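> Numbering that gives the first Met the number 0 puts the first residue of the sequence shown at 0, with every later residue one more than the last. The beta carbon of each residue, even a glycine, is placed where N, CA and C say it ideally should be. Since this is a predicted model, take the numbers as computed values, not measurements.
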Amino acid sequence: MQRFHSLRAGVLALATLALVSCEQGAVSPADSSGFRAQYFAARDALEAGKYDRASRTYLRLLTRAGPLEPRIRLEYAHSLLRGEKYAEAAREARILARSQNGTARAAALAVQATAEHELGLAAIDAGDRNTGRSLLQQADSAISEVLGSDPALDPLGALAGRQASIRVRLKSQD
């Protein structure tokens with residue numbers, strides 16, 4: 000059942016972006032059955048926990064995503080995050096956040112913050128307290144922006160909980 004809802008959400012997102020693109024006079028790559036098939040293959044891989052496969056497929060889709068590039072880049076960053084490739088996930092999400100506004104920016108910042116939090120913890124565990132602290136501060140700042148600008152992106156409080164954890168860790172670093 001969860002898979003159906005995720006698949007339906009992906010289809011709705013693609014359809015919405017395709018409609019917006021058409022209104023702007025662009026031709027959507029979603030019109031291509033090959034693009035659509037690869038997109039669903041990437042989504043299926045992500046949902047099945049095959050994060051490397053999902054990441055590779057999203058990366059290929061990025062080269063021809065056209066107006067769907069922001070959505071594909073977000074999903075690519077998410078697949079990297081789920082695959083524990085935190086530095087790459089943070090980089091991709093940061094690229095997206097810089098070019099977007101509103102909910103799209105907030106969604107990218109949520110991925111970026113999660114990746115930076117994990118990187119910060121790893122740096123602290125490796126003995127690099129300065130880098131770890133800096134990454135935790137960046138994650139805290141990104142989460143603050145998400146929660147302030149689009150609280151609907153955190154309906155269950157996971158980001159708020161992550162932020163509380165980050166702040167406790169930062170206080171213990173003082």
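By how many angstroms is the C-alpha of His-77 removed from the C-alpha of Lys-170?
Within the sequence shown, the letter at position 171 stands for residue 170. Within the sequence shown, the letter at position 78 stands for residue 77. Approximately 29 Å between the Cα atoms of the pair.
> Would you identify the three-state DSSP class for Glu-87, choosing helix, strand or coil?
Position 88 of the sequence shown, counted from the first residue, corresponds to residue 87. Three-state DSSP puts Glu-87 in a helix.
> Are the segment 152-163 and the segment 119-132 in contact at 8 Å, needing three or more beta carbon pairs?
Contact fails: fewer than three Cβ-Cβ distances are below 8 Å.
> Counting only beta-carbon atoms, is Arg-52 nearer than 7 Å to chain D?
Reference to chain D is not applicable here, since this structure consists of a single protein chain.
> Could you have a look at Arg-63 and say whether DSSP puts it in helix, strand or coil?
Here the question's residue 63 lines up with position 64 in the sequence shown. Reduced to three states, the DSSP call for Arg-63 is coil.
> Could you tell me whether the segment 95-106 touches the segment 129-137, where touching means 3 or more Cβ pairs closer than 8 Å?
No: the two stretches stay apart, fewer than three of their Cβ pairs being nearer than 8 Å.
> Counting only the same chain and skipping the five closest in sequence on each side, list residues whose C-beta sits under 7 Å from that of Gln-111.
For the purposes of this step, residue 111 is identified with residue 112 of the sequence shown, where counting begins at 1. Hits under 7 Å: Ala-89, Ala-92, Arg-93, Ala-96 and Ala-141.
> Note the first and the last residue of the continuous alpha helix (DSSP H) segment covering Asp-43.
For this step, residue 43 is matched to residue 44 along the sequence shown. 32-46 is the extent of the alpha helix (DSSP H) around Asp-43.
> Which residues in the same chain as Tyr-57 place their Cβ atom closer than 7 Å to its Cβ, once the five residues preceding and following it in sequence are excluded?
As a first step, residue 57 is located in the sequence shown; it is residue number 58 there, counting from the start. So the qualifying residues of the chain are Ala-41, Ile-71, Glu-74, Tyr-75 and Ser-78.
> Is Gln-231 helix, strand or coil by DSSP?
Residue 231 lies beyond the residue range present for the chain, which begins at 0 and ends at 173; the question has no answer from this structure.
> Skipping 5 residues on each side, what residues in its chain have a beta carbon closer than 6 Å to that of Ala-114?
Along the sequence shown, one-based indexing puts residue 114 at 115. Taken in chain order, the residues that qualify are Leu-80, Tyr-85, Ala-88 and Ala-89.
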